[in-house]
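Taking it in order: structure first as structure tokens, then the write-up.
2 protein chains.
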Amino acid sequence: MKTKDRIVQASRELFNDFGVHAITTNHIAAHLGISPGNLYYHFRNKEDIIRSIYANYVDQMNASFIVDHNEMMTLSQIAAYAEQVIINQWEYRFFYSGITDILQRDDSIKERYLDVILLQLEKGRAIIEALRAASLIEIEDGDIGEVAELLRLTESFNVAYMQCKSSEEPGISAAYNTVVKLLMILKPYATAQSKPDFSALIETYRHKTDAKVTQTA
Amino acid sequence: MKTKDRIVQASRELFNDFGVHAITTNHIAAHLGISPGNLYYHFRNKEDIIRSIYANYVDQMNASFIVDHNEMMTLSQIAAYAEQVIINQWEYRFFYSGITDILQRDDSIKERYLDVILLQLEKGRAIIEALRAASLIEIEDGDIGEVAELLRLTESFNVAYMQCKSSEEPGISAAYNTVVKLLMILKPYATAQSKPDFSALIETYRHKTDAKVTQTA
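Sequence order for the protein chains is A and B.
Residue numbers are given in this note's numbering: position 195 of the first sequence equals residue 219, and the series is strictly consecutive.
Residue numbers are given in this note's numbering: position 182 of the second sequence equals residue 206, and the series is strictly consecutive.
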């Protein structure tokens, strides 16, 4: 792996484990066994590294799952998509833990973030409409926007919430808990036929939450 | 007002407006026109000030509204309670914007926070049960805990979410939006009779969100 890529990957892991504020460029260089000068050859400062990490994250988000309006969706497909988004996000969790501060400091990240959030809200609405088209949920048009907002809020901040409310680091089970919460937001809109499927799927992810999963990344 | 109280109040306001990381004890002293030495006479460091602010917040939270199981609740009472909690929280919004970092740095705040979150989840459950007892919602026992979690997550992080997704500082309208979201979480459980009341109340708070309210504190 190129030094530049190694710096990006190591920084992401250190930020995730210790928080952005606790980690300096010197920590990152020492962790990789390179000189600070070598790090500064690739990145001007910590903000510059964060910008690179964020660009990777946005690329991964944009590549993820696009709702095909011509194809019928199943509940398992939706859950698999949610899991994919959430697990991807887990590898960038430092971003959401310190998001207000990161966006306040860096206008270029804020600008990209605003684009991403609009796109994600749009995807959320498309998923809700696809669930309705497949007769899996019943929901009034006027409520779709608000439910998409609730999904997005939960997707963004549940891992931080779970970290804050646990006396020990919850690990990746916090990410699986996010899938439980997303399904719980949709479940009250389930049709009589689909309600048991929602409940079963929620149980599946609740089980993953309970399991002691080894933390990766 | 005593100097100690003035320091606490000014710090809270500066943290809210500029973030905890951007504000040093020197900024706080300069803002109040006192010497850094005078500030250090009252507080050892910034963490010490944050601890004092947090103690005030917890006292206010604990004093807020207790569900009386012997009395029938109305939807307006619930909304008024939510509004009270959210507006109180607005004055301490820096805490939730930087919560992961604040809790990681200070074990004594983390410990108090864990107590508060359990109490707040308990209050959330009591409110859901009271709404059910008053036949305003229908909900299975097994879902009450998860819905209480969703309420708590939204209550804690929606202001940060609204700040992140706006290109301008949303001001206190972000707090009113939190009330909209809390009601939206409960609305799908509404009974046929109470559903119009939920919708009307949501409209009321949506209107407050739209209104250009001058930001205080």
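Note that the Cβ used here is the ideal one computed from N, Cα and C, for glycine as well.
Notebook entry, point to check: Alpha carbon to alpha carbon, what distance is there between H231 (chain B) and E162 (chain A)?
Noted result: Between the alpha carbons of E162 (chain A) and H231 (chain B) lies a gap of roughly 26 Å.
Checklist line | Spatial neighbours of R30 (chain B) in its chain, beta-carbon cut-off 7 Å, leaving aside the 5 residues before and after | finding: Correct list, in chain order: L56.
Notebook entry, point to check: Who pairs with I161 (chain B) in a beta bridge, going by DSSP?
Noted result: Per the DSSP secondary-structure output, I161 (chain B) pairs in a beta bridge with B:A214.
Check: At a Cβ cut of 9 Å, what residues of the stretch 123 to 154 of chain B count as close to chain A, listed as they run along the chain?
Finding: Taking 9 Å as the cut-off between beta carbons, the residues of the stretch 123 to 154 of chain B near chain A are I123, T124, D125, L127, Q128, R129, K134, E135, Y137, L138, I141, L142, L145, in sequence order.
Checklist line | M186 (chain A) in three-state terms, based on DSSP | finding: Assignment of M186 (chain A) by DSSP, reduced to helix, strand and coil, places it in the helix class.
Margin query: Here's the rule: buried if 16 or more other CB atoms are within 10 angstroms of the residue's CB, otherwise exposed. What is A241 (chain A)?
Written below: Confidence in A241 (chain A) is poor, its pLDDT being 41 and thus under 50, which makes the residue's placement unreliable; the coordinate value appears in the next sentence. It is exposed - the Cβ of A241 (chain A) has fewer than 16 other Cβ atoms within 10 Å.
Notebook entry, point to check: Counting only beta-carbon atoms, is G317 (chain A) nearer than 8 Å to chain B?
Noted result: Because residue 317 (chain A) is not part of the residues shown, which for chain A are 25 to 241, the question remains open.
Note to self: Quick check: is the beta carbon of Y65 (chain A) nearer than 8 Å to any beta carbon in chain B?
What the structure shows: Answer no: the Cβ-Cβ gap between Y65 (chain A) and chain B never drops below 8 Å.
Notebook entry, point to check: Once you ignore the five residues that flank M208 (chain B) on each side, which residues in its own chain have a CB closer than 8 Å to its CB?
Noted result: Residues I226 of the same chain have their beta carbon placed closer than 8 Å to that of M208 (chain B), with the five preceding and five following residues left out of the count.
Item checked: Contact check, L177 (chain B) vs N182 (chain A), beta carbons under 8 Å -> In this structure, N182 (chain A) lies closer than 8 Å to L177 (chain B) by Cβ.
Item checked: Near-chain A residues of the stretch 167 to 197 of chain B - C-beta to any C-beta below 8 Å -> If you check each beta-carbon in the stretch 167 to 197 of chain B against every beta-carbon of chain A, the ones closer than 8 Å belong to D167, E170, V171, E173, L174, R176, L177, T178, S180, F181, N182, A184, Y185, Q187, C188, K189, S191.
Margin query: Which residues in chain A have a C-beta closer than 7 Å to the C-beta of Y116 (chain B)? List them in chain order.
Written below: Simply none; closest approach about 14 Å.
Note to self: I'd like to know whether the C-beta of H231 (chain B) is nearer than 8 Å to at least one C-beta of chain A.
What the structure shows: With 8 Å as the cut-off, H231 (chain B) does not count as an interface residue toward chain A.
Notebook entry, point to check: Of all Cβ atoms in chain B, is any one closer than 8 Å to the Cβ of H51 (chain A)?
Noted result: Interface criterion not met: the Cβ of H51 (chain A) is under 8 Å from no Cβ in chain B.
Notebook entry, point to check: What's the C-alpha gap between V82 (chain A) and K134 (chain A)?
Noted result: Rounded to whole angstroms, V82 (chain A) and K134 (chain A) show a C-alpha spacing of 12 Å.
Margin query: Whole angstroms are fine: how far does the CA of M97 (chain A) sit from the CA of I151 (chain A)?
Written below: Roughly 9 Å separates the two Cα atoms.
Next item on the list: Just confirm the distance between the C-beta atoms of L206 (chain B) and A106 (chain B), as a whole number of angstroms; I'd bet it's less than 8 Å.
Entry: Approximately 5 Å separates the beta-carbon atoms of L206 (chain B) and A106 (chain B); this is inside 8 Å, confirming the contact.
Item checked: Span separating the alpha-carbon of V237 (chain B) from that of G195 (chain B) -> Caution is warranted here: a pLDDT of 49 is assigned to V237 (chain B), below 50, making its placement in the model unreliable, and no coordinate value can be reported.
Note to self: Quick check: N50 (chain A) and P60 (chain A), are their CB atoms within less than 8 Å of each other?
What the structure shows: Contact flag set, yes.
Notebook entry, point to check: Applying a beta-carbon distance threshold of less than 8 Å, which residues of chain A neighbour I209 (chain B)?
Noted result: What I209 (chain B) touches in chain A: L174, I209.
Notebook entry, point to check: In chain order, what residues of the same chain have a beta carbon less than 6 Å from the beta carbon of A198 (chain A), not counting five sequence neighbours either side?
Noted result: Excluding positions up to five away in sequence, the list reads V183, M186.
Item checked: Cutoff 8 Å: P220 (chain B) Cβ touching any chain A Cβ -> Chain A, which has no Cβ nearer than 8 Å to the Cβ of P220 (chain B), makes this no.
Margin query: So with CB distances below 7 Å, who are the chain B contacts of P212 (chain A)?
Written below: In chain order: P212, Y213.
Next item on the list: Would you mind giving the Cβ-Cβ distance between A53 (chain B) and L63 (chain B), rounded to the nearest angstrom? I have them listed as a contact below 8 Å.
Entry: About 5 Å separates the two Cβ atoms, so the contact holds.
Checklist line | Classification of P212 (chain A) by the beta-carbon crowding that lies within 10 angstroms, buried from 16 upward | finding: Label assigned to P212 (chain A): buried.
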